[in-house]
Amino acid sequence: MPDPAPSSSRALRVRFAPSPTGFLHVGSARTFIFNWLCARHNHGTMILRLDDTDVERNTEASVQSIFEGLRWLGLDWDEEYRQSERLELHREAAFQIQKKNFAYRDFTPAHTGDSEQSNAQGAWLFNPGMRELRREESDRRAAAGEPFALRYRVPRGEGRVLRFTDGVYGPQSKLADEVEDFALLRSDGMPTYHLASCVDDADLRISHIIRGQDHLTNSFKHLLIFEGLGVDPPQFAHLPLLVAPDGTKLSKRRHGPVVSVTTYRDAGFLPQAFVNFLCLLGWSPKNDREFMTLDELTGAFTFEGVNRANAVVNFTDTDPFDPKAVWLNAEHIRALRVDDLSRLVQPIFEQAGFHPSPEKLHAVTPLIRERIKLLCDAVSAADFFFVDQLVPYDPAELIPQKGDAALALRVLQTAEQVLATTPFDHDSLDKALREAAASLGIKAGPMFQPMRVAVCGRKNAPPLFETLVVLGREVCLTRIRQAEERLQTLA
RNA sequence: GGCGCUAUCGUCUAGGGGUUAGGACGUGAGAUUCUCAAUCUUAAAACCCGGGUUCGAUUCCCGGUAGCGCUACCA
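The first sequence begins at 1 in full-length UniProt numbering and counts up one residue at a time.
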């Protein structure tokens, strides 16, 4: 083991340690974010460690998908490790723990029964006979090749109380007698999660372990391992879990793609909005602020702000995203500069089969910025700017509320004349079209609605004059003439 | 079953021995506007239950209940 003498003033080092058994899950992403916030807030070191000791379930594809997710979040890390490359360290540590008599060999065959049933009568603590096996016999059986698991020799019968102060949950204690003799090494010689994790945390001089609350009770075991290793344990801080509306822990199996961060990315969430949303789940700056930039989050982050109850991510079958996440995303979109939004939305239009020039897109962007909640909404909000031919619409939509086809036709004919002769800028069009309405003896509404439908192909669209300007005179005139023809078909 | 953790509007949360229990999302109504959106105003909506401590508990303590987690040679 490396230098085991940490000082209380050692540098802050935190780690995010996902096991690559699938895509990056929103709960994991949140754990990563809180670790990152803690690191950056305290000018510490952020470490990414892939806990990939479970060869059965780990895949390289998962590793890639985790990187993909993290890259999208846009949060960095300073050091990177793979647990599978540190196997020797773990084995050596296990050997040292055993040597110090903090662990013993258990030759009992692996437990295969239904664990629920075996737990029904009470907690299993250790396999009788194995804890007290004489050293010589244990050595002999091991030398003879008999498989064994290495178990921690949890202190018993001395009333020992295990204690630590959690950064979120406060003082924690548990009777050592109630902790089972957990495994350190499996009978195939591979380290368990508990061992590998603690050995690496010690070796990497992790100062704060920030992880999901599902590890809260595991921390007592980890305390014991650190003791066996002869190092001071790090500080612990557990985060409340993210749960589904039914209260169960978010899981890939039960809840599907809604728990994958790539689902949010693909739906057009902004990473900063997603991060903002996740931070607000189980944490509060306590000042009623909700919309926050990464810098603001970093500045405001403290463990005191972390809530202790699980947080529900509110999705349904029809709507996979929490309404608050969507709202925050809209807020972040509105906060974007036109340049940036325009650049983000470009690939989305490309995917949808539109190929707007950057200039045109730049002109369209301000018209849709306040009208979209997700980036992908941009296509349905602005497609009419980029098509050659409007998709057919119901000509009846051209007729204003209190009017008839004849009025609509007069409006369009008047509009056609105005558009043909007026300078094509916002203010001129505004003035000329309002005057035209007045000359027809109608209000702005009945004047603009037929025009809007004619030009956009639908009733709900961005403001008319801006739209006309972006579309350009020729396109507007063409579409208005087409609308007039469509109107004829009604009569 | 054992152990641990948790409990404020539907959801995310603030608060805390005496408050009209605050904000936000969502929902309803209204205002504004050329539609939509945005914006503004407004309404409905919460302290799990029972004991105790106290002049007074939603807040502190205990119990119950419920939920979650751990209870694997998974992580």
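Where is the CB? At the ideal position from N, CA and C, for every residue including glycine. The model shown is predicted, which means the values in this text are computed figures rather than measured ones.
Which residue from the options puts its Cα closest to that of residue i?
i: Q172; options: E180, L162, E178; result: L162
i: F274; options: H355, R134, K373; result: K373
i: I209; options: R481, L175, A378, P233; result: P233
i: H215; options: L239, R205, T478; result: L239
i: F301; options: F34, L12, L390, A196; result: F34
i: Q351; options: Q83, L375, W72; result: L375
i: F349; options: N329, D377, A330, V338; result: D377
i: E290; options: G145, N329, W36; result: N329
i: P358; options: R369, L344, E370; result: L344
i: D106; options: R71, P392, F182, E178; result: F182
i: G457; options: T414, A483, G441, E466; result: A483
i: L280; options: A267, F303, G268; result: F303
i: P191; options: G441, L242, T53, T165; result: T53
i: V475; options: A454, T489, E485; result: A454
i: P271; options: V231, M292, F148, T414; result: M292
i: R410; options: G441, Y169, G145; result: G441
i: K156; options: D177, A143, L150, V168; result: Reading off the sequence shown, one finds Arg at residue 156, where the question assumed Lys. It is D177 whose Cα lies nearest to the Cα of R156.
i: K99; options: Y193, S84, G230; result: G230
i: G74; options: V55, S84, T59, F32; result: F32
i: E85; options: D51, A408, V168, G189; result: D51
i: G170; options: G305, S428, L204; result: G305
i: V258; options: A17, G27, D201, S19; result: G27
i: I225; options: C198, R211, R141; result: C198
i: P463; options: F148, A382, H255, L185; result: A382
i: N101; options: S138, T217, G69; result: S138
i: D322; options: S219, L294, Q346, F269; result: F269
i: L336; options: G472, K360, Q417, I368; result: I368
i: L294; options: C38, A11, A17, P18; result: C38
i: S380; options: A461, P285, K249; result: A461
I'd like to check one pair, residue j with residue i: are the Cβ atoms closer than 8 Å?
i: A103; j: G228; result: yes
i: P446; j: P395; result: no
i: residue 535; j: R30; result: As displayed, the chain neither begins before 1 nor continues past 491, which places residue 535 out of reach and without an answer.
i: L412; j: I480; result: yes
i: R452; j: K459; result: yes
i: A311; j: G282; result: yes
i: R13; j: S207; result: yes
i: R131; j: R153; result: yes
i: G487; j: A405; result: A quick correction: the sequence has Leu, not Gly, at residue 487. Against a cut-off of 8 Å, the Cβ pair of A405 and L487 comes out as a contact.
i: L241; j: Q213; result: yes
i: D166; j: F236; result: yes
i: S342; j: H355; result: no
i: R265; j: W72; result: yes
i: R57; j: R15; result: no
i: P338; j: T365; result: Position check: residue 338 holds Val in this sequence, whereas Pro was assumed. It is a contact, given that the beta carbons lie within the stated cut-off.
i: P245; j: F315; result: yes
i: T263; j: P320; result: yes
i: A420; j: L490; result: no
i: A196; j: H90; result: yes
i: S187; j: A267; result: no
i: A415; j: L433; result: yes
i: D200; j: Q83; result: yes
Which residue or residues does DSSP assign as beta-bridge partners of residue i?
i: I210; result: A237
i: G170; result: D166
i: F303; result: For F303, which the question treats as bridged, DSSP gives no partner whatsoever.
i: W283; result: V306
i: R105; result: L150
i: F16; result: L48
i: Y81; result: R49
i: A183; result: R151
i: L242; result: A311
i: V161; result: L175
i: K249; result: V243
i: H255; result: Answer by DSSP bridge pairing: none, since H255 is not bridged.
i: P191; result: L185
i: H25; result: S260
To the nearest whole angstrom, what separates the beta carbons of residue i and residue j, a pair I think is in contact under 8 Å?
i: L125; j: E88; result: That belief does not hold up - the Cβ atoms of L125 and E88 are roughly 31 Å apart, past 8 Å.
i: V469; j: D425; result: 6 Å
i: E370; j: R334; result: 6 Å
i: D430; j: F465; result: 5 Å
i: L184; j: R151; result: 7 Å
i: H222; j: H194; result: 7 Å
Quiz item: Can we say the region 55-70 touches the region 22-34, given the rule of at least three CB pairs closer than 8 Å?
Solution: Here the region 55-70 lies against the region 22-34, with 3 or more beta-carbon pairs under 8 Å apart.
Quiz item: Would the region 119-135 and the region 92-100 be scored as touching if the rule is three or more Cβ pairs under 8 Å?
Solution: Flag = no, the region 119-135 and the region 92-100 do not touch.
Self-check item: the region 67-86 / the region 35-49 touching (three or more Cβ pairs under 8 Å)
Solution: yes
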